[in-house]
Amino acid sequence: MDTKSQASFQEQALELLLKDADKIARLIKVQMDHLTMPSCPLYEEVLDTQMFGLSREIDFAVKLGLIDRERGKEILDTLEKELSLLHEAYTNK
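According to numbering that gives the first Met the number 0, the sequence shown is numbered sequentially starting from 0.
As structure tokens, this is what we get:
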């Protein structure tokens, strides 16, 4: 595989992972706004399942050499911080 193709795959992988992280944040926000409270087991189950799935996607991309492990960790950390802020905003209502 040439360097140009590899760079393109890396960019696509990063873009997909960031979109998935954003999708999780939006899902949790909608859930908090309309459906359940953060203390609800359903909320926790959805959050755990989605975060686990994203972490598996990131591990797969790292194994393929499409992103480095540190960038994957940054994606998860950023999402966790965003979700923490959403949770805090909800509980302070």
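Built from N, CA and C at the ideal position, the CB exists for glycine as well. Predicted, not measured: the structure shown is a model, and the values here were computed from it.
Contact under 8 Å by Cβ, residue i with residue j
i	j	result
Met50	Leu85	no
Ala6	Leu78	no
Glu56	Leu16	yes
Ala60	Gly71	yes
Own chain, CB closer than 8 Å to residue i, minus 5 neighbours either side, in chain order
i	result
Ile27	Tyr42, Val45, Leu46, Gln49, Leu82 and Leu85
Distance between residue j and residue i (C-alpha atoms, nearest Å)
i	j	result
Val29	Asp19	15 Å
Lys22	Ile74	13 Å
Glu69	Asp76	10 Å
Cys39	Glu87	15 Å
Leu63	Gln11	13 Å
Residue-chain proximity (residue i, chain B), Cβ-Cβ < 8 Å
i	result
Ala60	Absence of chain B from the displayed structure is noted, only one protein chain being present.
Endpoints, the alpha helix (DSSP H) within which residue i is located
i	result
His86	Arg68 to Thr90
Gly52	Pro40 to Lys62
Cut-off 6 Å between Cβ atoms - residues of its own chain near residue i, not counting five sequence neighbours on either side
i	result
Asp67	none
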